[in-house]
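**Q** Next up is a structure, given as structure tokens.
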Amino acid sequence: MRPTSTGPAAAGLRVPYDDLPPEVHAWVEGVLGSPVAQATTQIGGFSPGVAARLRCADGTRAFVKAVSADANADSPALHRREASVLQVLPEALPVPRLLASYDENPWVALLVEDVEGRQPGLPWRLEELDQMLALTRAVSAQRGVAVRPAAEHVARWQGWRKLTDAAAHAVDPWAARNLDRLRDLEAAAVDAAAGDHLAHLDTRADNVLLGAGRTWLVDWPWASSGPRWLDLVASAPAVAMQGGPSPQDYVARSGLVQRADEDALTAVIAGFTGMLAEHSALPPPPGLPTVRAFQAAQAKAGVAWLQTIMGA
């Protein structure tokens with residue numbers, strides 16, 4: 042039986058499930074033990090691949106995400122990394138579990154549990170934002186999970202150092218005037234990101250599913266260990282640009298920063314914002330034409346946050 046693909050396959054950059062090669066279809070049905078009868082493409086996010094809910098002829102359900110190196114050379118590595126992360130996350134976390142993975146050049150695919158839920162509405166409503174913050178607190182309470190140190194990511198950010206004075210001015214005149222201070226802060230961010238608390242590092246509306254009685258967090262390739270407030274820094278600019286509270290109000294609302302080292306917090310904010318600013322000035326990656334505008338909007342929110350902290 043050929044599956045029926047439904048949903049907004051043309052929205053964003055999603056590839057319809059039907060367009061996967063026959064060998065990937067065969068793998069999916071072999072793992073699930075039944076032919077796929079329906080595939081519903083999911084919107085949101087920036088992957089240039091397949092993201093679809095599957096229903097098999099025997100009623101079995103699963104979620105498949107798959108990407109080809111031909112569409113974007115970097116995306117398969119993210120799927121491989123997510124597969125390894127999903128295998129070590131604590132069972133207590135509300136995370137759809139990995140069923141199986143496929144890795145045959147150029148395709149990498151993951152099959153995970155299909156969970157019921159919807160993305161939060163935008164602009165943010167406070168009651169739904171509080172559900173995401175509760176999820177952030179639950180994730181950050183986990184310690185000693187075998188994921189990479191956040192410092193490995195932060196060491197590669199260094200966006201303010203990479204930007205020229207002219208490019209920094211194009212991001213924001215305040216940033217250009219304070220470029221030396223920002224570069225010093227982001228250099229300190231590597232040490233400031235030390236810690237053993239679990240962080241998702243990509244907690245935002247399109248990675249949260251609000252279910253009946255449970256809030257799920259999906260898409261885990263960036264999982265890291267760091268300070269307990271790390272996910273707040275990484276999510277605050279996106280929350281602000283999507284109609285939520287200002288970063289400082291959002292962080293205060295979390296209840297996770299009362300005993301935070303303010304210098305360390307500011308350093309990581311500067312490092313994360315610099316990464317966003319530098320990335321937003323680059324050409325779009327293959328298959329991802331909208332990601333730079335999203336990064337630019339987050340960088341704007343991050344710069345405003347830094348200006349509030351650092352002054353003129």
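Under this note's numbering, residue 353 is the last one in the sequence shown; the count climbs by one each step, no gaps.
Every residue gets a Cβ at the ideal spot worked out from N, C-alpha and C, and that includes glycine.
#1: Is it the case that the Cβ atoms of Ser265 and Ala191 are separated by a distance below 8 Å?
#2: Taking DSSP as the reference, what is the three-state secondary structure of Ala235?
#3: Excluding sequence positions up to five away, which residues of its chain have a Cβ less than 7 Å from the Cβ of Met42?
#4: So, using beta-carbon positions, are Pro356 and Ala112 closer together than 8 Å?
#5: Helix, strand or coil: how does DSSP classify Ala92 here?
#6: With burial defined as no fewer than 16 other Cβ atoms inside 10 Å of the residue's Cβ, what is the status of Asp237: buried or exposed?
#7: Use the C-beta contact count for Ala230: other C-beta atoms within 10 angstroms, 16 or more gives buried, fewer gives exposed.
#8: Which residue wins for smallest C-alpha separation from Ser295, given the options Gly185, Val274, Pro324?
#9: Quick one: using the 10 Å Cβ neighbour count with 16 as the cut-off for buried, is Gly285 buried or exposed?
#10: Let me confirm a value: His120 is counted as buried when at least 16 other C-beta atoms fall within 10 Å, else exposed. Which label applies?
#11: Leaving out the 5 sequence neighbours to the left and right, which residues in its chain are closer than 8 Å to Val91 when beta-carbon positions are compared?
#12: For the segment 127-135 and the segment 164-184, state whether three or more C-beta atom pairs, one from each stretch, are separated by less than 8 Å.
#13: Quick check on the burial criterion: 16 or more other C-beta atoms within 10 angstroms. Buried or exposed for Gly312?
#14: Provide the residue span of the beta strand (DSSP E) that contains Glu145, from first to last.
#15: Given a cut-off of 8 Å on the beta-carbon distance, is the pair Trp148 and Met316 in contact?
#16: Could you check whether the segment 199-213 touches the segment 251-261, counting it as contact only if at least three pairs of C-beta atoms, one from each stretch, sit closer than 8 Å?
#17: Quick check: Gln339 and Ala279, are their CB atoms within less than 8 Å of each other?
#18: By the DSSP assignment, the alpha helix (DSSP H) with Leu151 in it spans what residues?
#19: The alpha helix (DSSP H) that contains Val195, what's its start and end?
#20: Can Trp261 and Arg224 be called in contact, C-beta distance under 8 Å?
#21: Phe104 bridges to which residues according to DSSP?
#22: Could you check how far apart the C-beta atoms of Ile350 and Thr307 are, in whole angstroms? I think they sit under 8 Å.
#23: Thinking C-alpha only, which one of Leu271, Leu297, Phe87, Thr331 is nearest Val195?
#24: DSSP state of Met42, grouped into three classes?
#25: What does the Cβ neighbour count give for Asp302, buried or exposed, with the cut at 16 atoms within 10 Å?
#26: What residue range is occupied by the uninterrupted alpha helix (DSSP H) comprising Ala175?
#27: Are Ala103 and Glu154 close, meaning C-beta to C-beta below 8 Å?
#28: For Arg189, which residues from the same chain have a beta carbon less than 7 Å from its beta carbon, with the 5 sequence-adjacent residues on both sides left out?
**A** The structure says:
#1: yes
#2: coil
#3: Only weak support exists for where Met42 lies, its pLDDT of 36 falling under 50; the value from the coordinates is given anyway. Around Met42: Pro76, Ala78, Ala98.
#4: Examination of residue 356 is not possible in this model, given that the chain is present from 42 through 353 alone.
#5: strand
#6: exposed
#7: buried
#8: Val274
#9: buried
#10: buried
#11: Arg55, Val56, Pro57, Tyr58, Asp60, Leu61, Thr82, Val105, Lys106, Ala107, Val108, Ala150
#12: yes
#13: buried
#14: 139-145
#15: no
#16: no
#17: yes
#18: Careful: Leu151 lies outside any alpha helix (DSSP H), inside the beta strand (DSSP E) at 148-153.
#19: 191-198
#20: no
#21: Arg94, Val153
#22: 6 Å
#23: Leu271
#24: Legend: pLDDT at Met42 = 36, less than 50; position of this residue unreliable, value from coordinates given subsequently. Reduced to three states, the DSSP call for Met42 is coil.
#25: exposed
#26: 167-181
#27: yes
#28: Ser265
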